[in-house]
Amino acid sequence: MRFFLLFCAVLLFNLSLSGESSVPESGKVSQLQKLGNLRTFIYYFKDNRGEDFREKIFSKSPGLDFQNIPSEIFSLGFSNESVWFYIPLENDTGNEFNGEFEVYNPYLEEVDIHYTYGHERITREILAGSNRVYEETFPSLDFYLRPGESIQIAVRIKSGTPLRIPLLLESKKKFGLTKQLRLIVVGLTLGFGIAMSLYNLSLYFFFRTRSYLYYFLMITFFTVYLTSWDGLFLYLFKPEYGKYYLTATLILVYSASLFLFQFSLEFLFPEQKSKKAKVVSLVYYVVNLSLIPATIFAPVKLNQFSYYWILMNNLIIVYFCFLRIQEGLKSAKNLLLIHLIFPTAAIIMNLSATGILTINFVSLHVLKIAFISQSILFSIMLVQRIKDLEFKLKEGLQSEIHKNIILLKKEIQQRRETEWELIQSKEMAEKASKVKSSFLANMSHEIRTPMNGVLGMVQLLGTTKLNEEQKEYTKILSGSAKSLLQIINDILDFSKIEAGKIILDKEVFSIRSVLDEIHDLLNPLAKRKNIEFNLEGKYNIQEFVSGDQLRLRQILWNLAGNGIKFTNQGSVVLKVSEKKISADKVSIEFVVSDTGIGIPEDKQKQVFDAFSQSDTSTARKFGGSGLGLTITKQLIELQGGTLSLESKEGKGSKFTFSIVYEIASQSEVDTILEPEKIKELDEVYTNLVPKKMRILVAEDNETNCLLIERALKKLGYDPVVVHNGREVIERMQLEVFDIVLMDIHMPEVDGIEATNWIRSRKETAEFPIIIALTADAIESGKERYVSLGMNDCLIKPLDLVGLKTSLEYWSERIETSL
């Protein structure tokens, strides 16, 4: 408060004095150098007629009402009259004098400087001012006087802006020091403004509070406005656009006032404004935003109005401060005291601009002093506010931390309970998974074992002499058994895929052979339905590749089989093509298209879901497990491909997929064992000769024992049959066998334990050849049984053609090694 009162006292002193009429006397250079006081030999008078008084002034006509200027810096306020100044100066020293005369105001519109040297009758002139094309920042004149010479200067000033006239008449040297002092003041103002702007901008980015953003903008605009008084940016407008300098300055003034107003409201009303504040603010915004563009059209009038608008702006803020003080906002008191600085400065500036107060250094720079003082106090207030916020934040944080600790303890307890439940659920899920796997393995074994007997016996029955009726019954029985086996295989394959236990084989095979096999197997089904099943492009692709031929056969069987199943007229086409990726890789594209019933667009995604068909009526009409496409899609994806579907209901479907295969080398192709293709089962048992190979069969199921024994005898072998692993060990100690057909699940000692015993003996470490017989679809796989010491694996139900092929393959290997 003391600071504020002292500030007001300094600003309000020194009322303006009226000059008295006097007779012009020439000033002396010696007097100027000694005292530096101009007012004794600078005279002025006002003219409301617009006459040219140059000659009368230079002749010192007694009819002119000359008056001494009240001070070197003074103001005549707003006036429509022209003001003439007369400065006579004589060099009464013995030295040369380099002088500088300047009118320090960039906003004066017309400044005409006329001067004569010594006894010359020639009058020279400088037409300056913001409305004139004049390249200097301020209207000025530099001159040179020899000893005894004199100069007369007559200046006419006319302007719609305040006639605030700081006159300067100094030696060249002293004038240089004055300009340096100005630059220091301007630099301090500009530097202070930039520093405060950046400080508040950083606060805005840190706190994201709009009040700091408004304060940053206010300081920026005010800094540019205040330094514009010193002509800092005038060179951007001179010489052609000097008349727009006032307009640009007024835009800065009104914008700065707007942002100051917004900052104050944000500070006073951090949460929500009262209804009264909203109404006053709305009126203020409308008026201020209207004034900014209006400055372009009436800069002089709005310049006069700006002095009152700045005062009004601050008085409104002071009013809001009183309101908030009454409502109990403590920080409003500090804001009130700070805001009283600017209104006071604005009053001083207005009084000096209108000529009521004499202009001196303080009143000339009153807004700069007020701006710097207010900015410092605002910054102190903002820092205090930040500290208050930090204190409240700490208190709030401590309370919040205490609450959070309690909540955290509860949450930790809940998480422990949840984790315990999850652990138990996980253990139960693992147990359930083990039970499921065990169940599927047992189911596989228990179902496939009798199926082995059924299919095997049907195949053996087909080799006997049957009449046509018996052959038809045998054929129907075989087809039904294979359909049942296909459903079982689908369910077990789906379970293996779901458990992630599908292992892809990698072997060299002929794609053409697989295509021919699919065609040969499915073509009879197509013929029975009077539709065509065509194979296209098989000779246009790479024949021998390395991959999983079993899974490719399964995929093509499912897709082509579905096509035949759901097509009643027309055709089913299996088309293949290739795209070479590199020298050793090729992408084979398979397309299965049909003219069947098609799939509705809204059901096309559904058909790939497990146990799903496009319609329940489809399942009733065509049958099936609903797993074929699910398994097919996942088998393709396991091999790096994607299955796509295009279909229109009633017009047919097209399934497309591609698989990348490695191209088999010539040496790999040469070593492929290609047994003669057997189309009819009875060909297996023709032209047989007795075989020398000694075979031991280990099987606990009597039906399977009978089946395998009879099949082997028909193939020319004389097998020895035992019923468990213990008997295998006993017979191996008594006899030597070339091949052992070893069932996996047997009582007392199972097939794996018996194999371990055989391979543990030195004399049987490599021979005999042990071929696993297993019905475990979940855990079956050649690699697994080879890792356990066996040589090969046959899956139940046994395919007699596969059995014959395997025995011939290993018999040849045994004979070669002997």
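Numbering-wise, the sequence shown is residues -18 to -1, 1 to 800 according to mature numbering (1 follows the signal peptide of the UniProt record, and there is no 0).
Where is the CB? At the ideal position from N, CA and C, for every residue including glycine.
For residue i, the residue or residues it bridges with in DSSP
{"i": "Gln447", "result": "The question names Gln, but residue 447 in the sequence shown is Lys. Answer is none; Lys447 lacks a bridge partner."}
{"i": "residue 806", "result": "What is shown of the chain runs -18 to 800, which leaves residue 806 out entirely."}
{"i": "Gln162", "result": "Answer is none; Gln162 lacks a bridge partner."}
{"i": "Glu628", "result": "Lys636"}
{"i": "Trp66", "result": "Phe27 and Arg138"}
{"i": "residue 816", "result": "In this structure the chain extends from -18 to 800, so residue 816 is not present and cannot be described."}
{"i": "Arg398", "result": "DSSP, once it has assigned bridges, lists no residue as partnering Arg398."}
{"i": "Tyr126", "result": "Asn80"}
{"i": "Phe189", "result": "Answer is none; Phe189 lacks a bridge partner."}
Exposure label - residue i; buried when at least 16 CB within 10 Å
{"i": "Val718", "result": "exposed"}
{"i": "Pro729", "result": "exposed"}
{"i": "His96", "result": "buried"}
{"i": "Lys661", "result": "Because the pLDDT of Lys661 is 41, which lies under 50, any placement of that residue in the model is unreliable, and the number read from its coordinates should be weighed accordingly. The residue is exposed, with fewer than 16 neighbouring Cβ atoms inside 10 Å."}
{"i": "Tyr68", "result": "buried"}
{"i": "Asn182", "result": "buried"}
{"i": "Phe241", "result": "buried"}
{"i": "Thr737", "result": "buried"}
{"i": "Asp212", "result": "buried"}
{"i": "Met178", "result": "buried"}
{"i": "Arg306", "result": "buried"}
{"i": "Met410", "result": "exposed"}
{"i": "Leu404", "result": "exposed"}
{"i": "Leu448", "result": "exposed"}
{"i": "Lys786", "result": "buried"}
{"i": "Gln441", "result": "buried"}
{"i": "Thr798", "result": "exposed"}
{"i": "Gln742", "result": "It should be noted that the sequence gives Ser, not Gln, for residue 742. The residue in question, Ser742, is exposed, as its Cβ has fewer than 16 Cβ neighbours within 10 Å."}
{"i": "Ile358", "result": "exposed"}
{"i": "Lys778", "result": "buried"}
{"i": "Ile362", "result": "exposed"}
Inter-residue Cα distance where the pair is residue i and residue j
{"i": "Met439", "j": "Glu681", "result": "16 Å"}
{"i": "Cys303", "j": "Leu318", "result": "6 Å"}
{"i": "Ile351", "j": "Glu382", "result": "45 Å"}
{"i": "Phe243", "j": "Leu123", "result": "43 Å"}
{"i": "Leu199", "j": "Leu170", "result": "19 Å"}
{"i": "Leu655", "j": "Ala646", "result": "Its pLDDT being 47, under 50, Leu655 is placed unreliably in this model, and the coordinates cannot settle the point."}
{"i": "Gly622", "j": "Gln616", "result": "10 Å"}
{"i": "Asn77", "j": "Glu107", "result": "26 Å"}
{"i": "Phe279", "j": "Ile39", "result": "37 Å"}
{"i": "Leu443", "j": "Gly529", "result": "35 Å"}
{"i": "Lys156", "j": "Glu84", "result": "13 Å"}
{"i": "Leu165", "j": "Gln254", "result": "44 Å"}
{"i": "Leu625", "j": "Ile388", "result": "55 Å"}
{"i": "Glu401", "j": "Lys392", "result": "14 Å"}
{"i": "Ala463", "j": "Val490", "result": "31 Å"}
{"i": "Met675", "j": "Ala693", "result": "15 Å"}
{"i": "Gly632", "j": "Ser559", "result": "27 Å"}
{"i": "Asn30", "j": "Ser64", "result": "6 Å"}
{"i": "Gln588", "j": "Asn544", "result": "16 Å"}
{"i": "Val265", "j": "Asn295", "result": "12 Å"}
{"i": "Tyr643", "j": "Phe188", "result": "60 Å"}
{"i": "Phe203", "j": "Leu46", "result": "45 Å"}
{"i": "Val768", "j": "Ile751", "result": "11 Å"}
Limits of the unbroken alpha helix (DSSP H) element including residue i
{"i": "Met714", "result": "Gly707 to Leu716"}
{"i": "Met200", "result": "Arg192 to Ser210"}
{"i": "Glu148", "result": "It should be pointed out that residue 148 corresponds to Pro in this sequence rather than to Glu. Taken as a continuous stretch (DSSP letters only), Pro148 belongs to no alpha helix (DSSP H), being part of the beta strand (DSSP E) at Arg146 to Ser153."}
{"i": "Thr98", "result": "First-last for Thr98: Glu92 to Tyr99, but that is the beta strand (DSSP E), not the alpha helix (DSSP H)."}
{"i": "Ser246", "result": "Tyr227 to Leu250"}
{"i": "Ile108", "result": "Note, Ile108: premise wrong, no alpha helix (DSSP H); beta strand (DSSP E) at Arg106 to Ala110."}
{"i": "Val589", "result": "Taken as a continuous stretch (DSSP letters only), Val589 belongs to no alpha helix (DSSP H), as it is neither H nor E."}
CB contact below 7 Å: residue i versus chain D
{"i": "Glu560", "result": "Considering every chain present, this structure includes no chain D. It has just one protein chain."}
Where the beta strand (DSSP E) containing residue i begins and where it ends
{"i": "Val702", "result": "Val702 to Val704"}
{"i": "Ala754", "result": "Ile751 to Thr756"}
{"i": "Ser553", "result": "Ser553 to Ser564"}
{"i": "Ser724", "result": "The displayed chain sequence assigns Met, not Ser, to residue 724. That run of the beta strand (DSSP E) goes Ile721 to Asp725."}
Near the ligand HEM: residue i beta-carbon under 6 Å from a heavy atom
{"i": "Tyr126", "result": "The model depicted lacks the ligand HEM and carries no ligand whatsoever."}
Assess contact between the region 190 to 203 and the region 240 to 255, defined as three or more Cβ pairs (one per stretch) separated by less than 8 Å. Is contact present? yes
Three-pair Cβ contact test at 8 Å for the region 492 to 505 versus the region 535 to 545: yes
Would you call the region 228 to 237 in contact with the region 250 to 268, where contact means no fewer than 3 C-beta pairs closer than 8 Å? No, the region 228 to 237 is not in contact with the region 250 to 268.
Does the structure place the region 699 to 713 close enough to the region 765 to 776 that three or more beta carbon pairs sit under 8 Å? The region 765 to 776 and the region 699 to 713 do not touch, with fewer than 3 CB-CB distances between them shorter than 8 Å.
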